[in-house]
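Colleague: Numbering (the working numbering), first residue to last: 430 to 818.
All C-beta atoms in this analysis are idealised placements derived from N, C-alpha and C, irrespective of residue type, glycine included.
As the structure is a computational prediction, the values presented were derived from the model and not from experiment.
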Amino acid sequence: MSKHFETEAIRSQTERSQFLEHSTPLYLTSSFVFEDAEEMRSSFAEEKERNLYSRFTNPNTTEFVDKIVAMEGAEAGYAFATGMSAIFSSFAALLNAGDHIVSCRSVFGSTHSMFTKYLPKWNIETSYFKVDEVHLVESLIKENTKILYIETPTNPGVDILDLDVIGKIAKKHNLIFIVDNCFATPYVQQPIKFGADLVIHSATKLIDGQGRVLGGVTVGTKDLIREIYLFARNTGPAMSAFNAWVLSKSLETLSIRVEKHCENALKVAQFLEDNENVEFVKYPFLKSHPQYKVAKQQMKLGGNIVAFEIKGGIDAGRQFLNKIKMCSLSANLGDTRTIVTHPSSTTHGRLSEEDRLEVGITDGLVRVSVGLENVEDIINDIQQALSNK
Ligand SMILES: *Cc1c(COP(=O)(O)O)cnc(C)c1O
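1) Measure the beta-carbon distance from SER798 to THR767 and round it to whole angstroms, keeping in mind my assumption that it falls under 8 Å.
2) Shorter than 7 Å, the distance from the beta carbon of ILE607 to the closest heavy atom of ligand 1, or not?
3) Our contact map puts GLY731 next to VAL795 with C-beta atoms below 8 Å; I'd like the distance itself, whole angstroms only.
4) DSSP state of TYR482, grouped into three classes?
5) According to DSSP, ALA508 sits in a beta bridge with which residue or residues?
6) Closer than 8 Å by C-beta to LYS477: which residues in its own chain qualify, once you throw out the five before and the five after it? Chain order, please.
7) Check this for me: beta carbons of LEU680 and ILE636, under 8 Å apart or not?
8) The alpha helix (DSSP H) that contains SER871, what's its start and end?
9) Within the region 775-812, note down every full beta strand (DSSP E) run reaching 3 residues or more, in order along the chain.
10) Taking 7 Å as the cut-off, is the CB of ILE530 close to at least one heavy atom of ligand 1?
11) Am I right that LEU523 and ILE621 are in contact with their C-beta atoms under 8 Å? What's the rounded C-beta distance?
12) Please return the same chain residues whose Cβ sits closer than 6 Å to the Cβ of ALA599, not counting the five positions on each side in sequence.
13) When the Cα of ARG484 is compared with those of ALA667, LEU758 and LEU786, which residue comes out closest?
14) So who's on the other strand from TYR578, going by DSSP bridges?
15) Can you tell which of SER519, ILE807 and ALA724 has the C-alpha that lies nearest to the C-alpha of VAL587?
16) Taking all protein chains shown into account, do 16 or more other C-beta atoms lie within 10 angstroms of the C-beta of LEU801, making it buried, or fewer, making it exposed?
17) Please list the terminal residues of the continuous alpha helix (DSSP H) segment that includes VAL617.
18) Are ASP810 and LYS754 touching if we call contact CB-CB under 8 Å?
19) Under DSSP, the beta strand (DSSP E) around TYR557 begins and ends at which residues?
20) Per the contact definition of three or more C-beta pairs closer than 8 Å, is the region 508-523 in contact with the region 656-675?
21) Per DSSP, which one or two residues make a beta bridge with VAL628?
22) Give me the residue from SER535, GLY649, GLU467 and ALA613 with the minimum Cα distance to ASP495.
23) Rounded to the nearest angstrom, what separates GLU464 and ASN480 at their Cα positions?
24) Would you give the residue range spanned by the alpha helix (DSSP H) that THR770 belongs to?
25) State the beta-bridge partners of SER460 as determined by DSSP.
26) DSSP three-state call for VAL587: helix, strand or coil?
27) If you run the structure through DSSP and keep just helix, strand and coil, what is ILE739?
28) If you pair each beta-carbon of the region 674-693 with each one of the region 539-552, do three or more pairs fall below 8 Å?
29) Taking DSSP's pairing of strands, which residues face ILE734 in a bridge?
30) By the DSSP assignment, the alpha helix (DSSP H) with LYS496 in it spans what residues?
31) When you compare the region 711-723 with the region 768-776, are there three or more beta-carbon pairs, one atom per stretch, that lie closer than 8 Å?
32) So is VAL646 buried or exposed if we call it buried at 16+ other beta carbons inside 10 Å?
33) Taking ILE629 and ILE516 to be in contact with their CB atoms under 8 Å, please state how far apart those CB atoms are, rounded to whole angstroms.
34) Near ASN761, which residues of its chain fall below 8 Å by C-beta distance, leaving aside the five closest residues on each side in sequence?
35) Hey, quick one: how far does the alpha helix (DSSP H) through LYS725 stretch, first residue to last?
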């Protein structure tokens, strides 16, 4: 019988060694030994499942993957060194030269670079729809389209895409539906329930949750993961045993951390809605969010990212960052520490204004990754940075 989410995160464990450790130890070993020639032969022939070499599997990466598989309701998975290696390897494993992708335009910056700069080297093109153009998705599908790709909530605009509607389009056209579920975590949203074939995470964010290690993971159907596994096993983007050990421990506290992150984020969003120097606030669980209804259908909580438009544009955004005292100015998100960024003067500063607007980045847009500090301290810091004094 499958157990509840919190229980799976704590109790799915690799077998104990002869030392009967309670907490899974770190298996810092590159390879594993065989009793005799026959065991070595049958293991390499994959007649039995066991660890051979840590580029393929390792007890720590297996434990981490098994937990995410259970949490997402998937069949199988593979762990990667980073979120980007999970994304790139999954695409590279499944696509052939000449294939076509349909993707939402609002995707993580490096994912967009993969679509625009690198996949075209193999004659793989991508067509985009904007967050409010889901009705155009079917018209973008071509004979050679193989993958339909989205993130929801999106970064940094915190828009919501309807997983059910897009999942049905993918199914109708026999496309592989891939969802980057990084912003939600499996605690908040499980895209497989809505028809996703593969779910990808940057484990660097809320899954680690403490800003320590990089990691990525792809989970989904057995057949697709088998192709991705064989590609990864030969090309080498594996997660390290140490990072898997850290991340597997992180999963034990994912549910309580994410609950608190989301509770704090909602309070920050509500505070911002009432602030006179704020033009508008985007948070999935605020009634004012344009996709509030869809968010409520597919998400258990609103997530930890709040976006808001500060009055006064680029200058006001820069000034806000300069006045922040406690919160960090940093490129990460999903950390215990609250992080604020101003995309139009930093991460997306090199884009033209038109390109920025395509992904919902207005001049005064500020993104807050709400952390686990006492929410009054977070709000006080934001309030003093917003004040005109
Ligand atoms: C950070 C991030 C990634 C990339 O993950 P890395 O671990 O930094 O490689 C991919 N997708 C989203 C939505 C992210 O936030």
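Modeller: Working from what's here:
1) As a working note, residue 798 is residue 369 in the sequence shown. As a working note, residue 767 is residue 338 in the sequence shown. Separation of the CB atoms of SER798 and THR767 is rounded to 7 Å, and the pair is thereby assigned contact status at 8 Å.
2) As a first step, residue 607 is located in the sequence shown; it is residue number 178 there, counting from the start. ILE607 Cβ: outside cutoff for every heavy atom of ligand 1.
3) Indexing the sequence shown from 1 puts residue 731 at position 302. Indexing the sequence shown from 1 puts residue 795 at position 366. That belief does not hold up - the Cβ atoms of GLY731 and VAL795 are roughly 17 Å apart, past 8 Å.
4) Translated into positions along the sequence shown, residue 482 becomes position 53. TYR482 falls in the strand class under three-state DSSP.
5) Numbered from 1 along the sequence shown, position 79 holds the residue referred to as residue 508. ALA508 pairs with VAL646.
6) The residue given as residue 477 occupies position 48 in the sequence shown. Hits under 8 Å: SER471.
7) Along the sequence shown, one-based indexing puts residue 680 at 251. Along the sequence shown, one-based indexing puts residue 636 at 207. Against a cut-off of 8 Å, the Cβ pair of ILE636 and LEU680 comes out as a contact.
8) Any property of residue 871 remains undetermined from this structure, which presents the chain solely from 430 to 818.
9) Entirely contained in the region 775-812, the beta strand (DSSP E) runs reaching 3 residues are, in chain order, 794-798.
10) Numbered from its first residue, the sequence shown carries residue 530 at position 101. Remark: the C-beta of ILE530 is outside contact range of ligand 1, defined as less than 7 Å to any heavy atom.
11) Here residue 523 corresponds to residue number 94 of the sequence shown, with the count starting at 1. Here residue 621 corresponds to residue number 192 of the sequence shown, with the count starting at 1. Going by Cβ atoms, the distance from LEU523 to ILE621 rounds to 17 Å, so no, they are not a contact pair.
12) For the purposes of this step, residue 599 is taken as residue 170 along the sequence shown, with counting starting at 1. Taking C-beta separations shorter than 6 Å and ignoring five residues to either side along the sequence, the partners of ALA599 in its chain run LEU577 and PHE606, following chain order.
13) To locate residue 484, count along the sequence shown from 1; it is residue 55. Comparing C-alpha distances from ARG484 to each of ALA667, LEU758 and LEU786 shows the shortest one belongs to ALA667.
14) For the purposes of this step, residue 578 is identified with residue 149 of the sequence shown, where counting begins at 1. Residue pairing for TYR578: DSSP places it in a beta bridge opposite SER532 and ILE607.
15) To locate residue 587, count along the sequence shown from 1; it is residue 158. Minimum Cα distance to VAL587 is reached at ALA724.
16) For the purposes of this step, residue 801 is taken as residue 372 along the sequence shown, with counting starting at 1. The residue is buried, with at least 16 neighbouring Cβ atoms inside 10 Å.
17) What you label residue 617 is simply residue 188 of the sequence shown in a count that begins at 1. Taken as a continuous stretch (DSSP letters only), the alpha helix (DSSP H) holding VAL617 covers 614-617.
18) The residue labelled residue 810 in the question sits at position 381 within the sequence shown. The residue labelled residue 754 in the question sits at position 325 within the sequence shown. Yes. Within cutoff.
19) Numbered from 1 along the sequence shown, position 128 holds the residue referred to as residue 557. TYR557 -> beta strand (DSSP E) spans 554-558.
20) With the cut-off at 8 Å, the region 656-675 and the region 508-523 touch.
21) Translated into the one-based positions of the sequence shown, residue 628 becomes position 199. Beta-bridge pairing links VAL628 to VAL608 and VAL648.
22) Your numbering for residue 495 matches position 66 in the sequence shown. By alpha-carbon distance to ASP495, the top candidate from SER535, GLY649, GLU467 and ALA613 is GLY649.
23) As a working mapping, residue 464 is identified with position 35 in the sequence shown. As a working mapping, residue 480 is identified with position 51 in the sequence shown. Using only the alpha carbons, I get a separation of about 13 Å.
24) As a position in the sequence shown, residue 770 is number 341, starting the count at 1. Premise fails: THR770 lies in the beta strand (DSSP E), 768-770, not in any alpha helix (DSSP H).
25) To locate residue 460, count along the sequence shown from 1; it is residue 31. DSSP, once it has assigned bridges, lists TYR482 as partnering SER460.
26) Mapped onto the sequence shown, residue 587 falls at position 158. It is coil, neither helix nor strand.
27) If you number the sequence shown from 1, residue 739 lands on position 310. Here ILE739 sits in strand by DSSP.
28) Cβ pair count under 8 Å is below three, so no.
29) The residue given as residue 734 occupies position 305 in the sequence shown. Beta-bridge pairing links ILE734 to SER798.
30) Here the question's residue 496 lines up with position 67 in the sequence shown. Judged by DSSP secondary structure, LYS496 falls within the alpha helix (DSSP H) whose first and last residues are 488-501.
31) Short answer: they don't touch.
32) Your numbering for residue 646 matches position 217 in the sequence shown. So VAL646 counts as buried.
33) Counting from one through the sequence shown, the residue named residue 629 turns up at place 200. Counting from one through the sequence shown, the residue named residue 516 turns up at place 87. That belief holds up - the Cβ atoms of ILE629 and ILE516 are roughly 6 Å apart, short of 8 Å.
34) Along the sequence shown, one-based indexing puts residue 761 at 332. Around ASN761: THR633, LYS634, GLY640, ILE768 and SER798.
35) To locate residue 725, count along the sequence shown from 1; it is residue 296. For LYS725, the uninterrupted alpha helix (DSSP H) run begins and ends at 721-727, by DSSP.
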